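Inspection log for the structure reproduced underneath, given as structure tokens.
2 protein chains.
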Amino acid sequence: MRAAVCLVSGGLDSATSLAVARRDGFDCYVLSFDYGQRHRIELESAARLAANLGAVKHLIVPFDLRAFGGSALTADIDVPKSGPEAGIPVTYVPARNTIFLSFALAWAEVLSSFDIFIGVNAIDYSGYPDCRPEFIAAFEKMANLATKAGVEGQTKVTIHTPLIRFSKSEIIKLGAELGVDFRLTHSCYDPDERGRACGLCDSCRLRLKGFADAGLRDPLEYRQ
Amino acid sequence: MRAAVCLVSGGLDSATSLAVARRDGFDCYVLSFDYGQRHRIELESAARLAANLGAVKHLIVPFDLRAFGGSALTADIDVPKSGPEAGIPVTYVPARNTIFLSFALAWAEVLSSFDIFIGVNAIDYSGYPDCRPEFIAAFEKMANLATKAGVEGQTKVTIHTPLIRFSKSEIIKLGAELGVDFRLTHSCYDPDERGRACGLCDSCRLRLKGFADAGLRDPLEYRQ
Chain A
90 MRAAVCLVSG GLDSATSLAV ARRDGFDCYV LSFDYGQRHR IELESAARLA
140 ANLGAVKHLI VPFDLRAFGG SALTADIDVP KSGPEAGIPV TYVPARNTIF
190 LSFALAWAEV LSSFDIFIGV NAIDYSGYPD CRPEFIAAFE KMANLATKAG
240 VEGQTKVTIH TPLIRFSKSE IIKLGAELGV DFRLTHSCYD PDERGRACGL
290 CDSCRLRLKG FADAGLRDPL EYRQ
Chain B
90 MRAAVCLVSG GLDSATSLAV ARRDGFDCYV LSFDYGQRHR IELESAARLA
140 ANLGAVKHLI VPFDLRAFGG SALTADIDVP KSGPEAGIPV TYVPARNTIF
190 LSFALAWAEV LSSFDIFIGV NAIDYSGYPD CRPEFIAAFE KMANLATKAG
240 VEGQTKVTIH TPLIRFSKSE IIKLGAELGV DFRLTHSCYD PDERGRACGL
290 CDSCRLRLKG FADAGLRDPL EYRQ
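Protein chains in written order, with the numbering used here: chain A, 90 to 313; chain B, 90 to 313.
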């Protein structure tokens with residue numbers, strides 16, 4: 090069995106990406122981050138998903154992006170609730186996927202793994218620059234120069250993005266096929282103390298529309 | 090004044106790189122990392138250097154790379170003392186510069202800065218893959234796709250590596266010219282409790298040879 094490092098936030102995209110890695114026969118080392126996000130409760134989902142989908146190990150790495158701020162998820166800026174607008178939304182966290190993939194690269198190198206899974210998608214997404222295929226391709230190229238692989242000419246690092254060309258409803262259908270338990274996932278940017286989703290932020294809207302388009306029922310409880 | 094994010098470990102290379110950024114007229118936001126390194130005492134040097142060289146702000150971001158291990162600096166592996174050997178040494182920390190630059194990119198984007206300084210050099214170095222010019226070029230390309238700059242066609246992110254083609258003695262001479270106080274720097278991978286350098290690890294050896302070649306006296310206290 091080959092080892093892969095799988096980034097799992099606790100949302101349904103990363104859960105489905107993890108399920109794909111398992112289907113493809115990887116031993117999965119699941120990595121999550123406690124980065125000071127407003128919706129920190131997603132980490133409980135990440136832990137339950139890692140266990141449920143048979144991860145070998147789950148690590149949560151803490152660091153605090155509130156030290157920089159600059160996003161509605163890491164600073165005192167309201168999460169928009171009136172639907173998607175043009176441009177990059179204030180929920181964008183500067184360089185977040187670059188940081189996440191960098192830690193994944195570090196763990197992969199220590200594990201002698203050359204496979205990293207990330208659940209980004211560039212179709213039904215929020216317009217974040219670091220979800221685009223051209224970013225992933227550039228990261229992969231850089232990763233192969235950053236590590237021993239690039240110097241010693243070993244196996245190349247691959248950044249797997251199994252969902253990058255999928256619509257949200259396609260992701261949900263695939264996740265359902267692969268046995269992802271969507272009750273364990275969390276998508277909302279602005280949950281209440283009990284973890285209930287708001288139903289109004291961009292992430293909730295994309296999720297609800299995805300379930301509707303897939304003809305499936307979202308098992309989560311929404312507070313409105 | 091333009092703002093730059095300057096990575097400063099506390100060593101003499103990054104101190105000189107910061108001095109170059111100041112000479113070139115940048116307002117410097119200094120970034121250091123408490124990553125579980127054996128020579129954590131270098132952070133005291135980083136703080137003193139930031140103050141001494143007129144940084145606008147100094148942030149130390151903590152995260153623990155001991156969670157992954159895999160290096161003599163972050164795991165229970167002895168630091169070699171018998172001089173450089175062929176290949177990538179055990180003091181290499183997987184993906185460390187990728188992680189450091191990713192955080193620098195995040196802070197730069199929040200500050201609306203497009204300039205990042207890092208004191209890597211590819212001449213008198215320890216053979217780490219992430220100190221090579223081809224890695225830096227690939228990171229810069231990736232950085233411009235990872236952030237708003239790449240989407241909105243703003244100013245491009247530049248990763249400045251003013252020392253990349255310098256020998257250690259050239260770095261020391263330049264640092265001396267620019268007024269770097271080398272008493273404030275720390276290079277040793279394996280200092281004692283009082284912070285005294287070992288004089289035998291690769292980092293101490295490169296430093297001592299650099300001072301000798303430059304015809305200057307290293308003001309640090311060595312324990313042997």
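Every residue gets a Cβ at the ideal spot worked out from N, C-alpha and C, and that includes glycine.
Fair warning: this is a prediction, and the values are worked out from it, not measured in the lab.
Counting only Cβ pairs nearer than 7 Å, list the residues of chain B close to A/V199.
F157, G158, G159 and P183
By the 9 Å beta-carbon criterion, what residues does the stretch 234 to 252 of chain A contribute toward chain B?
L234, A235, T236, K237, A238, G239, V240 and E241
Going straight from the alpha carbon of B/G288 to that of B/L101, what length do you get?
15 Å
Cα-Cα separation between B/T250 and B/E259, rounded to whole angstroms:
14 Å
Would you mind reading off the limits of the alpha helix (DSSP H) that contains B/P222?
P222 to A235
Determine which residues share a DSSP beta bridge with A/H275 and list them.
Paired residue(s): none; A/H275 is not in a bridge.
Burial state of A/R221, where buried means 16 or more other Cβ atoms lie within 10 Å
buried
Within chain B, partners of A/D219 - CB distance below 7 Å
A235
Output yes if chain A places a C-beta closer than 9 Å to the C-beta of B/P173; else output no.
no
Of the listed residues B/N141, B/A104 and B/G114, nearest to B/D204 (C-alpha basis)
B/G114
Return no unless some Cβ of chain B is closer than 9 Å to the Cβ of A/T187.
yes
Would you call the stretch 185 to 202 of chain B in contact with the stretch 290 to 304 of chain B, where contact means no fewer than 3 C-beta pairs closer than 8 Å?
no
Can you look up B/P218 in the DSSP assignment and give me helix, strand or coil?
helix
Could one say the Cβ of A/I177 lies closer than 9 Å to chain B's Cβ atoms, at least one of them?
yes
Got a sec: is the Cβ-Cβ distance from B/A139 to anything in chain A below 9 Å?
no
Is there contact here, the stretch 221 to 230 of chain B with the stretch 152 to 167 of chain B, by at least three beta-carbon pairs under 8 Å?
no
For the candidate residues B/C290, B/I253, B/D279 and B/H275, whose alpha-carbon lies nearest to that of B/V109?
B/I253
Candidates B/E310, B/K230, B/A193 and B/Y124: which alpha carbon is nearest B/A164's?
B/Y124
On the CB-based measure, 16 or more other CB atoms within 10 Å of its CB, does A/Q126 come out buried or exposed?
buried
If you draw a straight line from the alpha carbon of B/R296 to that of A/F122, how long is it in whole angstroms?
36 Å
Would you mind telling me which residues of chain B sit closer than 7 Å to A/K146, beta carbon to beta carbon, in chain order?
Within 7 Å Cβ-Cβ: nothing; A/K146 doesn't reach chain B, min ~11 Å.
Distance check for A/L96 and A/D213, CA to CA, integer angstroms please.
19 Å
Using 9 Å as the threshold, is the C-beta distance between B/Y181 and A/K230 below it?
no
Length at least 4, wholly inside the stretch 155 to 225 of chain A: the alpha helix (DSSP H) runs in chain order
185 to 199
At the level of alpha carbons, what is the spacing between A/A144 and A/C293?
26 Å
Work out the CA separation of A/G172 and B/A227 for me, nearest whole Å.
36 Å
Strictly below 9 Å CB to CB, what residues from chain B border A/E223?
L234 and G239
Is the CB-CB distance between B/L263 and B/F271 below 9 Å?
no
With 16 as the cutoff for other CB atoms within 10 Å, does B/P280 come out buried or exposed?
buried
On the DSSP bridge list, what partners appear for A/S121?
A/I149
Is the CB of B/P151 under 9 Å away from at least one CB in chain A?
yes
Give me, in chain order, the residues of the same chain whose beta-carbon lies closer than 6 Å to that of B/G216; leave out the 5 immediate sequence neighbours on both sides.
I177
So is A/E131 buried or exposed if we call it buried at 16+ other beta carbons inside 10 Å?
buried
Enclosing beta strand (DSSP E) for A/V94 [first to last residue]:
R91 to L96
Measure how close the beta-carbons of A/R312 and A/R285 come, nearest whole angstrom, since I'm counting them as under 8 Å.
4 Å
Count the other CB atoms within 10 Å of the CB of A/E310; is the residue buried (16 or more) or exposed (fewer)?
exposed
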